[in-house]
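Chemist:
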Amino acid sequence: MSIAVNSATYAAMPIGRVPTKLTINGETRTRAIEPWTTLLDLLREGEDLIGTKKGCDHGQCGACTVLVDGRRINSCLKLAVTLDGADITTIEGLGQPGKLHPLQSAFCDHDAFQCGYCTPGQICSAQGLINEGKARTREEVRELMSGNLCRCGAYTNIIDAVLDVIGEQV
Amino acid sequence: MATAAKIGIGSAINRVDGVEKVTGSARYAGEHPVENLLYGYIVEAAIAKGRVLSVDEDAARAVPGVVEVITHLNRPHVAWTDHSYQDEMKIPGSPFRPLYDDRIQFSQQPIALVLAETFEAARYAASLIEIAYETEAHNTDFDVALDEKYVPKKKRSGYVPPKDRGDAAQAFADAPLKVAGDYRLAPEHHNPMEMFGSTVEWHGDGSITVWDKTQGSQGVHAYLASVFGFSKKKLRVLNPYVGGAFGSGLRPQHQVFLAVLAAKMLERSVRVTMTRQQMFSHAYRPQAVQSIALGADRTGKLTAIRNAATTSTSRYEDNMENVVTWGLMNYDCPNADAEYTVAQIDTPTSADMRAPGAATGMTLFEIAIDEMAYAAKVDPLEFRLINYSPIDAMNGTPYTSKALREAFREGAEAFKWSERSAEPRSMREGSELIGWGCATGMWDAQFSKTSASAKLTANGHLEVACATSDIGTGSYTVMTLVAADTLGLPPEQITAKLGDSDLPTAPVEGGSWGAASSGAAVQLACQAVGKKLLKAAGKIAGEPLGGAKIEDVLFEDGCIVLKDTPTVRVPFGDAMRAADLTEIEEEATAAPGFGDMWKGLHKSKNTHSAIFAEVRVDEELGVVRVTRIVDAVAAGRIINPKTARSQILGGVVMGIGMALHEETFSDHRLGRWMNHNFGEYHVPVHADIHDIQVIFVDEPDPEVTPLGVKGLGEIGIVGTAAAIANAIYHATGKRVRSLPITIDKILE
């Protein structure tokens with residue numbers, strides 16, 4: 001796998017690196033990270049956790065949404081070295097094929113995606129929203145998930161899926 | 001006959017590629033893990049027209065990790081004829097050639113590629129490259145370009161010239177009721193969520209594997225073979241997952257050229273992914289102006305249609321769309337004429353974007369139709385029924401089917417259109433004015449020659465394969481359902497493979513022909529497997545099926561079943577064992593003219609829709625909310641109601657964007673798109689989308705395509721923006737003839 005290769009390539013670079021302790025999907029490790037590497041690029045290129053998507057790299061689309069200490073953030077706007085000690089959950093950490101998270105199942109059942117590219121971000125955002133405890137109504141979920149763009153236009157199905165899960169939890 | 005439990009064509013099932021997508025395990029083009037990978041970062045031209053005088057790359061090359069900087073000055077040999085660069089969806093002209101010479105044809109043109117061991121090093125080094133230019137005068141102002149609009153000599157494949165009838169000029173002059181005006185559509189960018197990216201794996205033996213964001217793996221395969229001189233066997237292109245495209249991936253985009261160029265030059269694996277800003281450096285929906293003049297008598301019967309449109313193209317290719325034909329086809333009117341021209345601006349060539357031509361031309365036409373209805377003091381829905389044409393009114397040919405009347409009826413009922421008050425500004429709630437509008441949508445029901453294979457193994461597993469793509473459209477699921485339907489197997493026992501240039505031949509996925517075409521090919525391949533199975537069953541001792549012919553049996557629950565005596569069942573495995581077969585593999589090709597379609601050859605083939613929209617407009621602030629949409633669609637047979645509905649939802653949402661949000665602005669002094677990011681190019685977000693109801697009208701049509709499928713990718717967007725514009729007029733009394741209808745236009 002290229003994960004090791006990429007990590008080795010990163011490690012071999014003669015540039016000042018910062019030891020950073022990160023827990024990613026339950027696995028804690030101290031990594032030597034270049035100070036300019038975003039959490040998004042670290043996840044995708046360094047860890048091969050490609051479920052976290054890059055849609056703009058400017059915090060404008062939400063495709064890169066992950067959970068840091070339970071809160072949803074745009075990982076493209078966060079330099080990885082600033083997260084020392086943080087607990088990061090990506091879509092891969094929420095659920096896996098054969099062991100889906102309720103949101104992942106609900107997205108499948110409601111056809112809450114088409115191309116699937118914004119989907120991990122939508123799901124992480126929805127989990128963050130649930131953690132925040134703010135969303136109760138369709139109107140609230142719609143408003144509070146508006147940072148997650150879906151160009152395929154699956155919005156109504158996404159809200160149905162999220163409400164399905166919120167309903168179950170309430 | 002199907003049993004109740006049978007899952008097949010018409011079953012609403014979950015997307016078969018869903019689990020991969022919701023768990024993040026689906027890999028898109030720029031995500032395939034490859035050893036010893038180099039990252040490429042594109043440097044773009046800062047001017048719109050001119051030449052590159054010099055490139056200072058010293059600082060870039062000094063960045064640790066940088067391996068190479070490729071420009072036109074040091075690139076390896078590439079093909080030099082226009083012909084070599086012409087792709088499957090070629091447009092007449094001279095296709096753009098990245099890094100070919102010092103010429104700059106549009107702002108943001110790629111002029112260098114920096115290769116480095118890390119993405120960050122490549123990006124940083126790219127920012128250090130200094131380019132000196134010689135500038136030439138450019139024009140990106142479409143209104144200025146209109147002075148030199150023209151009819152291209154060489155027509156684009158698929159272009160349908162409008163056919164005039166009667167004497168429209170005279171009829172318009174004589175008409176007691178008239179509407180005339182210029183209707184406009186802003187340039188739009190596709191902006192799929194996944195940015196264009198390619199990963200090229202260099203195998204070291206002269207062969208490469210390319211994961212590309214494209215709507216057609218074989219189109220890119222042919223392009224790369226032709227441009228770089230790869231033998232076809234040394235090249236494989238894959239696109240198993242595509243993060244949206246909407247037409248932007250019909251033609252090979254320049255990142256795949258650049259990634260392969262670099263891999264060839266450096267003999268290493270390379271990945272190039274565009275940034276969101278760079279996504280504005282290629283395909284866009286052309287800007288359009290449409291001059292529409294309608295005449296009617298006092299009862300609301302149309303007497304004259306005049307329809308002239310111009311769309312933008314580049315200096316180097318004549319992109320043409322079918323913009324003006326839709327209104328002439330759809331309305332019963334004795335006199336009609338139309339003309340279509342293009343105008344050149346210094347941008348990349350405009351491109352097909354969801355329902356190219358119709359999303360522009362039918363939508364703008366439907367705003368004019370609404371105006372005519374008001375002028376005639378006829379309910380806009382009633383006006384459309386008064387002028388309803390059961391046949392294709394431009395070509396004088398019958399349709400294979402046209403259930404638009406039913407769509408109007410079912411849509412109106414669901415929307416409660418009959419409760420509408422006729423006068424503009426007559427409905428309100430608090431500070432919001434409420435408006436209801438309707439429109440007609442129309443698209444082609446197309447079918448393209450496509451091959452597929454089907455392989456049944458003795459354990460009862462079926463694999464169907466076709467080189468088509470699934471850009472979110474649901475092709476994997478469609479192929480699975482058609483196979484399940486044909487051979488009577490549960491979807492869990494079927495694997496659909498697509499997105500690979502090595503698979504049986506398919507065209508690029510676009511134009512809404514995918515499901516009809518790959519579905520038909522899969523059905524033929526599965527039928528061929530069925531015949532082999534039956535033959536194999538003949539070897540079973542005692543011949544339980546008694547020498548039955550293919551028309552005497554059906555395939556159900558993994559068994560061959562006698563139609564007349566359903567208790568006689570032969571499991572597939574038994575038949576294969578009897579004939580000593582471990583697998584049965586068949587390939588088949590579906591092509592136009594096949595089966596019942598012969599009868600339909602001289603008929604028009606179209607999808608139709610009736611769209612109803614409710615808007616609420618804040619009277620003081622001019623803010624528009626689209627609170628309700630009903631889209632009743634007549635699109636023949638529906639393979640999977642679940643994913644089909646999603647296709648329409650997606651088209652409607654993009655139609656809401658067209659109505660209210662989407663517009664790419666050019667700074668004409670710089671000749672550059674200004675709002676090239678998601679912060680400033682607005683697409684609909686969650687908060688913009690309220691209630692959308694999709695209705696599929698019953699429309700059996702055995703003539704249109706082998707499966708009776710008409711396709712759904714485009715029809716959802718066509719007319720949606722008109723229904724919204726018409727609702728805004730009904731709410732406010734303000735007629736806006738240019739899309740998008742932003743707040744300033746409502747308040748001005």
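Residue numbers (UniProt numbering), protein chains in the order written: chain Z, 1 to 170; chain D, 1 to 748.
By construction, the Cβ of each residue, glycine as well, lies at the ideal position given by its N, Cα and C atoms.
Does the separation of the CB atoms of Z:C56 and D:R425 fall below 7 Å?
Modeler: For Z:C56 and D:R425, no; Cβs fall outside 7 Å.
Chemist: How many angstroms separate the CA atom of D:L660 from the CA atom of D:K745?
Modeler: Cα to Cα, D:L660 sits roughly 10 Å from D:K745.
Chemist: Within a Cβ cutoff of 6 Å, which residues of the same chain sit near D:D182, ignoring the five residues on either side of it in sequence?
Modeler: Cβ neighbours of D:D182 beyond the five flanking positions: V289 and S291.
Chemist: With burial defined as no fewer than 16 other Cβ atoms inside 10 Å of the residue's Cβ, what is the status of D:L621: buried or exposed?
Modeler: Classification for D:L621: exposed.
Chemist: Of all the options D:E35, D:K301, D:A634 and D:E194, which has the alpha carbon lying nearest to the alpha carbon of D:D701?
Modeler: Comparing Cα positions, the closest option is D:A634.
Chemist: What residue does the alpha helix (DSSP H) around D:N726 start on, and which one ends it?
Modeler: Residues T720 to T732.
Chemist: On the three-state DSSP scale, how would you describe D:W326?
Modeler: Reduced to three states, the DSSP call for D:W326 is helix.
Chemist: If you count every other CB in all the chains shown that lies within 10 Å of the CB of Z:L94, and 16 or more means buried, which is it?
Modeler: The residue is buried, with at least 16 neighbouring Cβ atoms inside 10 Å.
Chemist: Does the distance from the C-beta atom of D:C333 to that of D:I305 stay below 7 Å?
Modeler: Yes, Cβ-Cβ distance for D:C333 and D:I305 is below 7 Å.
Chemist: Going by the C-beta, is D:T567 closer than 6 Å to any heavy atom of the ligand ZN?
Modeler: Ligands in the displayed structure: none, and consequently the ligand ZN is not present.
Chemist: Give me the Cβ distance between D:G93 and D:D346, rounded to the nearest whole Å; I'm assuming they're in contact under 8 Å.
Modeler: Between D:D346 and D:G93 the Cβ distance is about 14 Å, and since that is not below 8 Å, they are no contact.
Chemist: If you reduce the DSSP assignment to three classes, tell me which class D:T3 lands in.
Modeler: Here D:T3 scores only 48 on pLDDT, less than 50, and its place in the model is too uncertain to base an answer on.
Chemist: Give the residues of chain Z in contact with D:N14, contact being defined as C-beta atoms less than 8 Å apart.
Modeler: Simply C108, D109 and D111.
Chemist: Quick check on this structure: which residue in D:I131, D:G441 and D:A375 has the alpha carbon closest to the alpha carbon of D:A403?
Modeler: When each option's Cα is compared against that of D:A403, the closest is D:G441.
Chemist: Whose C-alpha, out of D:P162, D:D164, D:N239 and D:I208, is nearest the C-alpha of D:G197?
Modeler: Of the candidates D:P162, D:D164, D:N239 and D:I208, the one whose C-alpha sits nearest the C-alpha of D:G197 is D:N239.
Chemist: Helix, strand or coil: which one does DSSP assign to D:H83?
Modeler: Here D:H83 sits in helix by DSSP.
Chemist: What residues from the segment 229-246 of chain D come within 9 Å of chain Z, judged by C-beta to C-beta, listed N to C?
Modeler: Those residues of the segment 229-246 of chain D that come within reach of chain Z (Cβ to Cβ, closer than 9 Å) are Y241, V242, G243, G244, A245 and F246.
Chemist: Taking 8 Å as the threshold, find out whether the segment 609-627 of chain D comes into contact with the segment 702-710 of chain D through three or more Cβ pairs.
Modeler: Segments in contact, no.
Chemist: Within the same chain, show all residues whose beta-carbon is closer than 6 Å to that of D:K605, passing over the 5 residues directly before and after it, in chain order.
Modeler: Result list for D:K605: T400, A445 and V704, in chain order.
Chemist: Buried or exposed: which applies to D:D205, given that a residue is buried once 16 or more other Cβ atoms fall within 10 Å of its Cβ?
Modeler: Exposed, because fewer than 16 other Cβ atoms sit within 10 Å of the Cβ of D:D205.
Chemist: Do you know offhand how far D:A180's Cα is from D:E371's?
Modeler: For D:A180 and D:E371, the distance between alpha carbons rounds to 9 Å.
Chemist: Which residues in chain B sit within 7 Å of Z:C56, going by Cβ to Cβ distance?
Modeler: Absence of chain B from the displayed structure is noted, the protein chains being Z and D.
Chemist: Report the start-end ranges of each alpha helix (DSSP H) in the segment 465-537 of chain D that is 4 residues or longer and not cut off at the edges.
Modeler: List check, alpha helix (DSSP H) in window: 475-487 and 514-537.
Chemist: Helix, strand or coil for D:Y399, going by three-state DSSP, please let me know.
Modeler: Correct three-state label for D:Y399: strand.
Chemist: For chain Z, find out if any of its Cβ atoms is closer than 7 Å to the Cβ of D:I692; answer yes or no.
Modeler: Cβ-Cβ to chain Z under 7 Å: yes for D:I692.
Chemist: Identify which residue in D:Q693, D:P162 and D:T505 has its Cα closest to the Cα of D:G327.
Modeler: Per the Cα distances, D:P162.
Chemist: Look at the alpha carbon of D:A588 and the alpha carbon of D:K449, and state the distance between them as a whole number of angstroms.
Modeler: In a straight line, the C-alpha of D:A588 is about 11 Å away from that of D:K449.
Chemist: Which of helix, strand or coil does DSSP assign to Z:D111?
Modeler: The answer is coil: DSSP assigns Z:D111 none of H, G, I, E or B.
Chemist: Could you give the first and the last residue of the continuous alpha helix (DSSP H) run that contains D:S25?
Modeler: Premise fails: D:S25 is in no alpha helix (DSSP H) and is neither H nor E.
Chemist: Ignore the nearest five residues each way along the sequence and tell me which others in D:Y223's own chain have a CB closer than 6 Å to its CB.
Modeler: D87 and P252, listed in sequence order.
Chemist: Please list the segments of the alpha helix (DSSP H) lying wholly inside the segment 106-134 of chain D, counting only runs of 4 or more residues, in order along the chain.
Modeler: For the segment 106-134 of chain D, whole alpha helix (DSSP H) runs of length 4 or above, ordered along the chain, are 119-127.
Chemist: Give me the residue from Z:I50, Z:Q122 and Z:C150 with the minimum Cα distance to D:P33.
Modeler: Comparing Cα positions, the closest option is Z:I50.
Chemist: Beta carbon of D:R156, beta carbon of D:I91: below 7 Å?
Modeler: Taking 7 Å as the Cβ cut-off, D:R156 and D:I91 qualify as a contacting pair.
Chemist: For the alpha helix (DSSP H) containing D:S646, list its first residue and its last residue.
Modeler: First-last of the alpha helix (DSSP H) with D:S646: P641 to L660.
Chemist: D:G181 lies in the alpha helix (DSSP H); which residues open and close that run?
Modeler: Not the alpha helix (DSSP H): D:G181 falls in the beta strand (DSSP E), residues L177 to L185.
Chemist: So, is the C-beta of Z:T156 closer than 7 Å to a C-beta in chain D?
Modeler: Taking Cβ atoms only, chain D reaches closer than 7 Å to Z:T156, which makes this a yes.
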